[in-house]
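This is the structure we're talking about:
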């Protein structure tokens with residue numbers, strides 16, 4: 008699965024799991040001969056041999072990468088926004104998990120050094136906060152806060168689980184899932200079906216493991232997300248940034264990575280329960296707009 012998952016008025020997603028729309032013979036084939044996952048590649052072959060700006064590899068279309076637009080993947084967008092908020096000079100390039108040295112996006116290749124132009128040690132996502140502190144023009148680091156750790160669980164569990172369901176398992180959003188993660192990989196229906204099976208299986212497995220339940224319930228997931236976004240709204244209050252900080256922190260970027268994608272008009276959400284939840288929380292919408300304006304100079 009990708010490094011990551013209001014219904015329509017006429018159709019509501021099922022309350023329980025049952026997303027696997029794959030022919031029985033093909034399903035048995037997958038179980039008998041699982042798709043082979045190869046080790047991560049070397050650095051992308053199209054990586055420039057010399058450059059004076061860092062490169063962040065993320066899930067994004069080639070066209071949007073050229074325009075420097077936000078990634079459509081929360082894990083990637085979180086760090087893309089944070090690096091921008093930190094004042095790090097970088098560009099984005101379309102990539103995938105298999106191209107990552109660590110097996111997951113995002114990762115960053117620092118600019119070439121005049122003293123050692125061939126030395127380009129990749130920076131994985133768990134080192135990007137440190138990289139930003141060393142190379143950013145602005146200090147957006149925040150001291151650890153016990154209360155913050157509590158609210159981080161809302162993002163890691165309730166909101167992430169609802170995201171996984173909405174994008175990967177909700178049938179009305181199948182076209183959006185295909186547009187983002189399947190069509191760019193292959194136009195073959197057979198290959199597309201295999202990728203869809205893998206993505207949905209991985210999403211369902213993660214949700215079930217996180218919730219500790221035998222079936223996926225959309226009602227429970229959306230209820231949990233609504234409570235989580237409500238709690239975030241309360242802690243933000245009338246402040247510009249979370250926890251009373253004078254500038255946005257990594258936590259702000261993490262919240263933005265979900266709220267922006269759920270409010271982004273360029274993403275055709277058909278199951279609109281989750282976007283609707285965020286849209287009805289005014290201070291989170293305003294928080295999203297502030298970061299979008301700072302980082303991209305626009306409001307969607």
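In the numbering used here, the protein residues as written are 8 to 307.
C-beta atoms are modelled at their ideal positions from N, C-alpha and C, and glycine is treated no differently.
Helix, strand or coil, according to DSSP, for residue 325 in the structure here? Outside the shown range of the chain, which is 8 to 307, sits residue 325, and nothing can be said about it.
Which ranges does the alpha helix (DSSP H) cover as unbroken runs of at least 4 residues, wholly within the region 205 to 276, from first to last along the chain? 225 to 243 and 257 to 270
Using the Cβ count rule (16 or more neighbours within 10 Å means buried), how would you classify residue 216? exposed
Neighbourhood of residue 282 by C-beta distance below 6 Å, restricted to the same chain and skipping five residues each side: 269 and 276
Buried or exposed (CB count within 10 angstroms, at least 16 for buried), residue 193: exposed
Please return the same chain residues whose Cβ sits closer than 6 Å to the Cβ of residue 266, not counting the five positions on each side in sequence. 285, 291 and 295
Residue range of the alpha helix (DSSP H) that includes residue 161: Unbroken run through residue 161: none, as it is neither H nor E.
Give the range of the beta strand (DSSP E) segment to which residue 189 is assigned. Run containing residue 189: none; DSSP gives neither H nor E here.
Would residue 258 and residue 249 qualify as a contact pair, given that the criterion is a beta-carbon distance under 8 Å? yes
Any idea which residues DSSP pairs residue 115 with across the strands? 63 and 130
Beta-carbon spacing of residue 162, residue 174 below 8 Å: no
Cα separation between residue 79 and residue 94? 21 Å
Restricting to Cα atoms, I'd like to know which of 108, 287, 103 and 90 is closest to residue 301. 90
Cβ-Cβ distance between residue 108 and residue 129 below 8 Å: yes
Round the Cβ separation of residue 232 and residue 166 to the nearest angstrom and send it over; I've been treating them as touching at under 8 Å. 5 Å
Going along the chain, which residues of its own chain have a beta-carbon closer than 7 Å to the beta-carbon of residue 169, five neighbours each way excluded? 228, 229, 231, 232 and 281
Using the Cα positions of residue 65 and residue 114, report the straight-line distance between them to the nearest angstrom. 7 Å
Beta-carbon separation of residue 132 and residue 278 under 8 Å? no
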